[in-house]
Amino acid sequence: MGREVAESCVDAVVIEMVSAFCHKFYSAEPELAARRIEAIGYQVGHQLVERYTMDCPRFTDHLEAIKFICKEFWSELFKKQIDNLKTNHRGTFVLQDNMFRWIARISPNPLQENSTESSTPNDDNQAAQTTSMHLYFPCGIIRGALTSLGIPCAVSADISNRPACSFVVRIKA
Amino acid sequence: MQFFGGSAAAEMTPSPAAPPGTATGLAGNNANMLYIFNRNGVCLLYREWHRPLHTLDAQEDQKLMFGLLFSLRSFTAKMDPTSVDKGNLGVPLLPGQGCSFYSFRTNTYKLSFMESPSGIKLILVTHPKTGDLRDALRYMYNLYVEYVVKNPLYVPGSPIKGQQAELQGSSRFERVEGSGQQVHKLPILDSNPIQGKTNSG
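Just so you know, the protein sequences line up as chains Z and Y, in that order.
If you read the first sequence in full-length UniProt numbering, its first letter stands for residue 1, the second for the next number, and so on.
If you read the second sequence in full-length UniProt numbering, its first letter stands for residue 1, the second for the next number, and so on.
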């Protein structure tokens with residue numbers, strides 16, 4: 001496909017983007033920062049899926065499209081497929097990735113000099129917050145990709161056990 | 001991957017000049033320490049596994065170590081018989097400049113050193129019979145890049161605290177150092193900060 005970029009560059013850009021939106025642009029309103037990040041993800045997903053489905057026939061139903069996202073699309077982005085796909089056959093899909101790269105490296109960094117004890121709830125909180133901020137971008141990517149395939153939906157992420165994370169896709173009827 | 005072949009407990013014989021008990025190696029009298037400095041001299045990480053003698057307080061010790069390496073690098077670069085261009089002795093060297101100094105060895109310990117192009121210095125103090133640890137140091141530098149630099153919550157230039165991966169790194173170090181030796185085992189999956197023996201720079 002032509003030109004390539006080192007993965008560290010992509011990682012660094014994503015980290016910096018999240019950090020810039022959370023701390024510089026919308027530092028007082030994390031909600032707005034989250035929306036902007038998700039909107040960026042939407043654009044990216046929209047365009048990426050155009051490229052990756054160039055030679056594919058149209059998808060017959062929603063499940064096929066979701067399977068495409070889980071397999072080909074995810075492999076192009078993260079060099080692995082989604083590990084687990086669950087559905088309730090009524091428009092909700094749960095995509096589970098057991099080792100999501102972009103949040104795999106987050107670990108709490110206690111700022112206090114005196115903390116020699118195990119990480120305080122504050123640090124875990126901070127780690128959880130950062131993780132959820134980082135997850136808005138891939139949520140946006142999935143939403144953009146599915147919308148571009150003709151399936152309007154809402155995507156949210158769930159990080160109950162790091163580094164595994166699940167993306168919940170709800171298709172709007 | 002074999003990092004070194006030299007330090008199995010079985011083949012150790014003390015060299016004649018060493019004080020008795022030095023070369024036994026089995027949880028014995030050997031210093032095993034790790035320092036990581038950034039280019040400004042801030043000690044990002046200090047780990048010790050076995051250090052029988054603490055002469056200075058931690059801050060002083062780290063400053064001393066950094067100063068030692070700074071001067072040693074400068075000195076070895078100026079003494080280099082193969083290089084043509086030598087600046088003045090007092091001028092600080094950039095990370096790639098001059099020949100790179102790898103290690104020095106005394107009768108009681110060996111200090112191995114590696115400097116990355118970004119100025120991150122890794123120092124490992126080990127048993128004197130240890131072989132070349134450059135690969136181990138490079139591996140540790142890779143761990144640093146993977147887990148510390150790529151962590152969104154890490155503030156560059158601040159001491160490394162409570163990183164899960166440093167514990168993984170330390171367990172790797174133990175495998176390097178301790179083939180055959182009894183070493184202090186640290187938990188791998190724990191994400192607690194390194195307790196007690198870590199000092200902030």
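For glycine and all other residues, C-beta sits at the position ideal for the given N, C-alpha and C.
Which residues in the same chain have their Cβ closer than 6 Å to the Cβ of residue i, if we skip the five residues on either side of it in sequence?
i	result
residue 78 (chain Z)	101
residue 41 (chain Y)	66
residue 71 (chain Z)	81
residue 21 (chain Z)	33, 36, 37
Flag this pair as yes or no: are the beta carbons of residue i and residue j separated by less than 9 Å?
i	j	result
residue 110 (chain Y)	residue 8 (chain Z)	no
residue 113 (chain Y)	residue 123 (chain Y)	yes
residue 99 (chain Z)	residue 86 (chain Z)	no
residue 149 (chain Z)	residue 49 (chain Z)	yes
residue 45 (chain Y)	residue 127 (chain Z)	no
residue 135 (chain Z)	residue 66 (chain Z)	no
residue 139 (chain Y)	residue 116 (chain Y)	no
residue 59 (chain Z)	residue 171 (chain Z)	no
residue 91 (chain Z)	residue 164 (chain Z)	no
residue 103 (chain Y)	residue 132 (chain Y)	yes
residue 38 (chain Y)	residue 51 (chain Y)	no
residue 34 (chain Y)	residue 125 (chain Y)	yes
residue 137 (chain Y)	residue 101 (chain Y)	no
residue 93 (chain Y)	residue 74 (chain Y)	yes
residue 36 (chain Y)	residue 147 (chain Y)	no
residue 37 (chain Z)	residue 17 (chain Z)	yes
residue 88 (chain Z)	residue 95 (chain Z)	no
residue 151 (chain Z)	residue 62 (chain Z)	yes
residue 103 (chain Z)	residue 40 (chain Z)	no
residue 108 (chain Z)	residue 124 (chain Z)	yes
Excluding the five sequence neighbours on either side, which residues of its own chain have a C-beta within less than 7 Å of the C-beta of residue i, listed in chain order?
i	result
residue 142 (chain Z)	45, 69, 155, 167, 169
residue 177 (chain Z)	This structure cannot speak to residue 177 (chain Z), because chain Z is shown only from 1 to 173.
residue 130 (chain Z)	106
residue 76 (chain Z)	52
residue 73 (chain Z)	49, 52, 145
residue 56 (chain Y)	64
Give me the DSSP bridge partner(s) of residue i.
i	result
residue 126 (chain Y)	Y:110
residue 45 (chain Y)	Y:36
residue 155 (chain Z)	Z:169
residue 105 (chain Y)	Y:110
residue 50 (chain Y)	Y:32
residue 121 (chain Y)	Y:37, Y:115
By Cβ distance below 8 Å, which residues in the same chain neighbour residue i in space, the five residues on each side in sequence not counted?
i	result
residue 99 (chain Y)	76, 77, 80, 82, 83
residue 157 (chain Z)	132, 135, 136, 138, 139, 165, 166, 167, 168
residue 96 (chain Y)	117
residue 165 (chain Y)	Because residue 165 (chain Y) sits at a pLDDT of 49, beneath the cut-off of 50, its placement in the model cannot be relied upon, and the point is left open.
residue 13 (chain Z)	none
Please determine whether the Cβ atom of residue i lies at a distance below 8 Å from any heavy atom of the ligand SAM.
i	result
residue 31 (chain Z)	The ligand SAM is absent from the structure shown, which contains no ligand whatsoever.
Interfacial residues, the stretch 141-157 of chain Y to chain Z, with Cβ spacing under 8 Å: Of all residues in the stretch 141-157 of chain Y, 146, 147, 150, 151, 152, 153, 154, 155 have a Cβ within less than 8 Å of some Cβ in chain Z.
Within the stretch 53-134 of chain Z, ranges of the beta strand (DSSP E) (whole runs, at least 3 residues): Runs found: 84-87, 92-97.
Near-chain Y residues of the stretch 126-144 of chain Z - C-beta to any C-beta below 8 Å: Listed by position, the residues of the stretch 126-144 of chain Z near chain Y (Cβ gap below 8 Å) are 126, 127, 130, 134.
Short-range partners of chain Y found in the stretch 91-107 of chain Z, where Cβ spacing is below 8 Å: So the close ones are 105, 106, 107.
Interface positions of the stretch 17-30 of chain Z facing chain Y (Cβ-Cβ less than 8 Å), listed along the chain: Contacts with chain Y (Cβ-Cβ distance below 8 Å) from the stretch 17-30 of chain Z involve 18, 19, listed in chain order.
Segments of 4+ residues assigned as alpha helix (DSSP H) that fall wholly inside the stretch 53-107 of chain Y: Within the stretch 53-107 of chain Y, the runs of alpha helix (DSSP H) at least 4 residues long that lie entirely inside it are, in chain order, 58-78.
Near-chain Y residues of the stretch 142-170 of chain Z (beta-carbon distance less than 8 Å), N- to C-terminal order: Within the stretch 142-170 of chain Z, no residue has a Cβ that lies closer than 8 Å to any Cβ of chain Y.
Short-range partners of chain Y found in the stretch 4-16 of chain Z, where Cβ spacing is below 7 Å: Cβ contacts with chain Y: 11, 15.
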